[in-house]
Amino acid sequence: MMAGDEATVTAADIARMVGVGRAAVSNWRKRYEDFPAPVGGTATSPTFSLKAVEEWLLHQGKVEEVPLRERAWQQIRNAADDLHLGAVVAEATELLLGQGERRLVAAPAWRLLQELAEEQGSAEAARFLLDRYADVHSRRLFETPPEIAQFMARLAGPDVRSVLDPACGLGTLLTTIRHLDHAYGQEADDTVARLARTRLALAQIEGSVGTGDSLRCDSWPDLTVDAVLCHPPFNERNWGYDDLASDPRWEYGLPPKAESELAWAQHALSHLKPGGIAVMLMPAVAANRRSGRRIRSNLLRQGTLQAVIGLPSRMGVGTGLPLHLWVLRKPADGDPVPSHVLMAEAEPETFGEIADRWREFRSAPGQRAEQAGAVCAVPVIELMDENVDLTPGRHVSVEDQAPAQQFPAVREQLLKRLERLTTMVPEAVPAPAKTMPSVDLAEMERAGAIKVFSSGRFDISGSGDIVITDQDLFSGTTPQSRTQPDDRIVTEPGDVVVAARAGEFAVRVVTEKGIVLGPRLTLLRPDPQRIDGYFLAGFLKATSAGPGSGSQSSISRFDPRRVVVPRMPIEEQRRYGEAFRKVFEFEDELRNLDIAGRATAAAIVKGFGTGELTPPA
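Now the structure itself:
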């Protein structure tokens with residue numbers, strides 16, 4: 001490690017600075033004899049002088065100038081190893097907000113950060129450092145996805161004035177609810193707790209974050225709040241079982257040693273005011289593990305566990321495992337014990353609808369509420385069997401089902417969609433395989449044919465302008481979430497929006513103006529006189545599906561600038577673009593037809609089972 005102006009960078013750092021993939025940096029090292037020689041590291045992971053790399057990039061015309069924020073980050077990055085980087089970032093963000101003294105942040109780094117603050121504002125500079133740190137340590141931090149965080153906040157309710165997150169990480173959940181009187185958090189890692197305090201300050205939320213293990217050493221032993229939002233550590237065996245056996249928090253039973261999540265759930269309940277709500281992100285296995293059935297039973301008997309909502313497995317935080325949301329309510333004196341539990345299977349596009357159903361259920365929790373489809377109020381008595389299995393999928397269907405009397409009309413509509421689909425099958429003519437002249441997007445960007453924008457990481461506030469998210473791209477749905485623009489990137493018709501995550505890739509050509517570009521998305525804005533948008537989107541998608549692009553690791557590291565597309569006249573591009581547009585429309589219709597077909601099949605099966613439908617004579 002080198003300090004000050006002799007800071008070093010890895011190949012991955014160089015790629016991020018220039019906006020290319022690591023393969024491009026590796027290629028430069030092979031092709032250019034004057035590429036800076038390594039000054040440290042190992043043979044497989046060399047490091048290079050940051051100053052020498054900057055000079056080489058500028059001399060070769062790879063960039064017009066290294067962005068100020070990237071130069072600042074690399075100086076910060078070199079102040080410590082990965083284990084201690086958080087402390088440097090915490091100090092830097094605090095300094096930007098006028099707090100503390102400079103001890104770890106080197107003078108060259110601080111000068112660059114001050115320049116960045118003058119250019120973009122101190123708050124924006126601090127947000128950049130927080131977001132970049134979260135990106136670097138995403139596998140270790142396991143932050144709650146913003147879509148789930150917003151959903152949890154909606155389930156907590158609109159009247160929350162005080163909130164606690166006893167395992168707050170970087171403070172994602174604490175900053176999801178606005179207009180709070182106070183937010184309280186606790187985090188075992190002191191550095192992460194400092195970063196959470198900075199995030200609260202940036203969100204202009206009055207808050208306090210304690211440090212330590214909440215189960216063993218509660219920073220807020222006498223605190224009660226309106227709501228607890230929590231994404232606790234999963235599957236922790238060393239959570240304190242031996243030390244906390246007689247703890248008064250275990251009102252519903254001593255959590256088994258392998259059920260740390262049930263300890264966190266009861267900890268959350270102990271901090272609620274009467275009538276307060278706790279929304280817990282839980283692993284799906286917590287709903288049916290035999291070791292936890294007694295506690296689940298007690299939560300149901302006392303009317304404390306009031307909703308269990310299944311989430312898509314693809315939204316699993318760092319694991320890909322299925323998740324549930326448990327909604328618990330602290331009983332108040334005189335409250336009747338609810339006779340039903342709300343069960344639901346949610347998708348991002350149905351979060352709003354399910355939150356509305358939850359509010360309706362809360363107003364009359366004792367009613368059966370015959371609700372078809374993905375939401376159903378299940379009698380507690382039906383759940384109190386030997387297993388006390390709370391898995392929502394056992395009680396609800398993910399497809400919306402029309403009433404039996406409407407089935408003929410539903411069937412007729414499906415037949416019409418099938419008939420329409422046959423007219424939408426795209427045409428293509430077989431041709432001999434050939435290699436077309438090509439150009440990568442990085443070169444097109446340098447030539448001014450396209451502009452590339454990255455949105456970075458930020459929280460979706462829930463109010464303001466429509467924002468397109470990665471979930472919209474992957475599900476093919478119309479954007480419905482809202483966020484405050486706050487100088488965010490806004491789409492123009494013809495823009496190409498790209499999303500990538502482990503194992504998946506999605507692309508969409510935007511037809512509307514004024515939609516905010518959501519977190520972690522890339523936007524390509526082609527010059528329509530030189531690049532056709534659908535042509536660009538089509539070959540982006542073709543590249544992602546090509547050889548070597550199917551692994552989770554390669555998709556998660558997808559960089560649009562590395563994509564190679566055919567070099568052809570704009571008229572020919574438009575011919576391909578029109579063909580790709582029809583393919584995209586066909587895919588959308590297939591997706592809609594799949595949903596409608598599954599709902600129709602489920603409606604027939606259910607109708608036969610209840611006797612509301614019969615086979616034709």
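If you're matching positions, the sequence shown starts at 1 in full-length UniProt numbering and goes up one per residue. In this text, a Cβ means the ideal position worked out from N, Cα and C, and glycines have one as well. Quick caveat, the model's predicted, so the values are computed rather than measured.
Nearest-angstrom Cα separation, counted from residue j out to residue i
i    : j    : result
E101 : L305 : 47 Å
I14  : T93  : 23 Å
E360 : I295 : 27 Å
I177 : V279 : 13 Å
I76  : A500 : 27 Å
R598 : K416 : 16 Å
D247 : L272 : 17 Å
P145 : P615 : 46 Å
Q529 : G98  : 48 Å
G240 : A286 : 18 Å
S313 : E115 : 43 Å
S339 : A355 : 20 Å
E251 : S297 : 12 Å
S45  : A24  : 15 Å
G41  : Y184 : 42 Å
E492 : P379 : 50 Å
L155 : L173 : 13 Å
K582 : T522 : 23 Å
A265 : P283 : 12 Å
F584 : E571 : 20 Å
R290 : W110 : 55 Å
L593 : G494 : 26 Å
R574 : D135 : 37 Å
L613 : E412 : 16 Å
A542 : R197 : 44 Å
Counted within 10 angstroms of its Cβ, other Cβ atoms place residue i as buried (16 or more) or exposed
i           : result
D459        : buried
A107        : exposed
Y32         : exposed
K434        : exposed
E345        : buried
T423        : exposed
F608        : exposed
L281        : buried
A603        : buried
D81         : exposed
I381        : exposed
residue 653 : Summary: the structure shown does not reach residue 653, with the chain confined to residues 1 through 617, and so no result is reported for it.
V497        : buried
K62         : buried
Bridge partner(s) assigned by DSSP for residue i
i    : result
E187 : T211
I468 : L517
M280 : C230, W326
G41  : P46
P526 : I450
T8   : S49
R411 : Paired residue(s): none; R411 is not in a bridge.
P566 : S438
C376 : M343
H182 : S162
V225 : L272
V63  : Paired residues: none, contrary to the question.
Residue i - containing alpha helix (DSSP H), residue span
i           : result
E70         : 68-77
G577        : 570-610
residue 621 : What the structure shows of the chain is the stretch from 1 to 617, and residue 621 is not part of that stretch, so it cannot be assessed.
F151        : 146-156
E124        : 122-136
R103        : Taken as a continuous stretch (DSSP letters only), R103 belongs to no alpha helix (DSSP H), as it is neither H nor E.
I295        : 293-301
G86         : 85-96
Contact belief for residue i with residue j at Cβ below 8 Å, rounded distance in angstroms
i    : j    : result
E259 : G292 : 5 Å
V163 : L229 : 6 Å
P392 : I309 : 7 Å
I148 : M315 : 6 Å
R249 : H231 : Not confirmed; about 19 Å, so no contact.
V192 : G86  : 6 Å
I489 : L517 : 4 Å
First through last residue of the beta strand (DSSP E) which encompasses residue i
i    : result
R361 : Contrary to the premise, residue 361 reads as Phe rather than Arg in this sequence. Counting along the chain, F361 falls outside any beta strand (DSSP E), though it belongs to the alpha helix (DSSP H) covering 351-363.
M343 : 340-345
I309 : 305-311
S481 : Looking at the DSSP string, S481 is not in any beta strand (DSSP E), and its letter there is neither H nor E.
S162 : 162-165
R508 : 504-509
R501 : 496-501
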